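Structure, as structure tokens:
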Amino acid sequence: MATTGPHRLSAWKVRYFSLVDNVLTYAKDEKSEPSGTIVLSENYSVEEVSWRMDPFFYFDIVTPGRTYHLRANKDASRKAWINALTAAKSRSVHELSPLAREIQTLDGEQLQELCMALVGGIEVKSRSYHLKSYDECFVASEAVDWVVAHYGAESDRAAAAAARGDPSPLLCSGQMTRAFAVTLLQRLVEAGFVVHVADEDKAVQDGFLFFRLTDLLASSYKLSHGTEASGSAGVGADEGAGVGAGAAAASSGVGGAGAGDGLLRSELAGPDGGSMIGRTPGGLTPSSLIPPSPAQSMVAIAKLESQVQDLHEDLAAARSARLAADEAHAAEVAALNARVQELSDELSKRPRWVSDSERPSCFGCHDGFTFFKRRHHCRVCGEVFCSTCCHDRLPIIRDAPDRIRVCDGCALVLG
90 MATTGPHRLS AWKVRYFSLV DNVLTYAKDE KSEPSGTIVL SENYSVEEVS WRMDPFFYFD
150 IVTPGRTYHL RANKDASRKA WINALTAAKS RSVHELSPLA REIQTLDGEQ LQELCMALVG
210 GIEVKSRSYH LKSYDECFVA SEAVDWVVAH YGAESDRAAA AAARGDPSPL LCSGQMTRAF
270 AVTLLQRLVE AGFVVHVADE DKAVQDGFLF FRLTDLLASS YKLSHGTEAS GSAGVGADEG
330 AGVGAGAAAA SSGVGGAGAG DGLLRSELAG PDGGSMIGRT PGGLTPSSLI PPSPAQSMVA
390 IAKLESQVQD LHEDLAAARS ARLAADEAHA AEVAALNARV QELSDELSKR PRWVSDSERP
450 SCFGCHDGFT FFKRRHHCRV CGEVFCSTCC HDRLPIIRDA PDRIRVCDGC ALVLG
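Numbered by our numbering, the letters in the sequence shown go through residues 90 to 504 in order.
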């Protein structure tokens, strides 16, 4: 498989594939941990590629932010994979495994509660990648680790759920894998609680990707701490890997994982009826993990609306200042153009310096020039005269010692 993103095309690498419900994972081999996950939702498409002329058989998985190029050694393997991926992509919620179905049917309140518990259990801080900084973000793989640690096979919550005898503790049943964890985090993205720092359409992957809370949820979360909200922006870091091939060596692993029924509210409820999400070892729920009240949400919304209004006013003031500056500049340009035109008119009225070849005879007496009757230019009018008609000398500045040759006419006018 190879991957293409906005700025790169990777080389082909062999990867082992496993398809469970609508989640496709890939790893270096069958025993390795998954290095990437693709959630086959309605935004994805599977396409057969037939224009490449080589012994392999190609097909693509196209996502909003990345295209996965796969190839098989046999056409039968390619068709089998395309059919399996297409069926997984279009599989309805009722056809999924119980755990996958439960993840897909979580409502907004449940997802928000889970999101608050998640950001309270992992490290959310400013990070840097490729000489760029990103505020208040977390790493996707660390979020996957947190979900698996809380709801995986070795989770204390799973043991507590089994001890209570819950009929269908789905999330706490020990069936939570990294692939299902990615699906659960992708639901937070689809619900608008979590977003990639650079690409809002980017799906969650089990790797070194930066995600953050959306601005409204982040404001509400920080207001629950009694602190001022601050948004984050920037471009995100990418994993740089995620290439693989070898569909012939892959295992589809199509099927469900786990069994049982139940709702998230029942399985997340503790013995005292309280929420299991965000519990501390002492059994108390920190105030920082309590979802904000409607009043706090309205305060956050009003604060954001006020900030937006201030930005609009600043933009209007900047535009007004720019227009005033443009008008002043236009006036200056018009004055300079008028002065240039005046100087051009004055220069056009100045006498032209007549060349010797244009005057074969004196401009004053009309006698022809000879070897002995030579040409002389008047330094004022520029015409050519003989020495008789151009013998006067006038000072450049009144009473100055330096004098210039002028013709009789110019001497009469200037004298």
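The beta-carbon is built from N, C-alpha and C at its ideal position, and this holds for glycine as well. Fair warning: this is a prediction, and the values are worked out from it, not measured in the lab.
By DSSP's assignment, Pro484 forms a beta bridge with Arg492. Val397 sits exposed, since fewer than 16 C-beta atoms from the chains shown fall within 10 Å of its C-beta. Taking a 10 Å sphere around the C-beta of Trp170, we find 16 or more other C-beta atoms and assign the residue as buried. Cβ-Cβ separation between Phe145 and Val135: approximately 17 Å, too far for a contact (criterion under 8 Å).
Inter-residue distance for Asp110 and His401 is about 48 Å (C-alpha atoms, whole angstroms). Less than 8 Å divides the Cβ of Pro440 from the Cβ of Gly471. Pairing Ser222 with Ser230 gives a Cβ-Cβ distance that is not under 8 Å. Inter-residue distance for Met387 and Leu393 is about 10 Å (C-alpha atoms, whole angstroms). Distance between Val151 and Glu137, taken at the CA atoms: about 11 Å.
Around the beta carbon of Trp442, fewer than 16 other beta carbons sit within 10 angstroms, so the residue counts as exposed. For Glu225, the enclosing beta strand (DSSP E) begins and ends at 221–228. Pairing Val237 with Val283, the inter-Cα distance amounts to about 18 Å.
Ranked by Cα distance from Gln294, the options Phe227, Leu306, His239 are led by Phe227. Counting along the chain, Lys392 sits inside the alpha helix (DSSP H) bounded by residues 383–438. Classified as buried, Ile127 has 16 or more neighbouring CB atoms from the shown chains inside 10 Å of its CB.
Looking at the DSSP output, Val283 sits in a beta bridge with Leu302. For Glu137, the uninterrupted beta strand (DSSP E) run begins and ends at 134–138, by DSSP. In the structure shown, the three-state DSSP call for His466 is strand. Annotation: the continuous alpha helix (DSSP H) that includes Leu501 extends over 497–503. Residue pairing by DSSP places Phe474 opposite His465 in a beta bridge. If you draw a straight line from the Cα of Cys454 to the Cα of Phe460, it is about 17 Å long.
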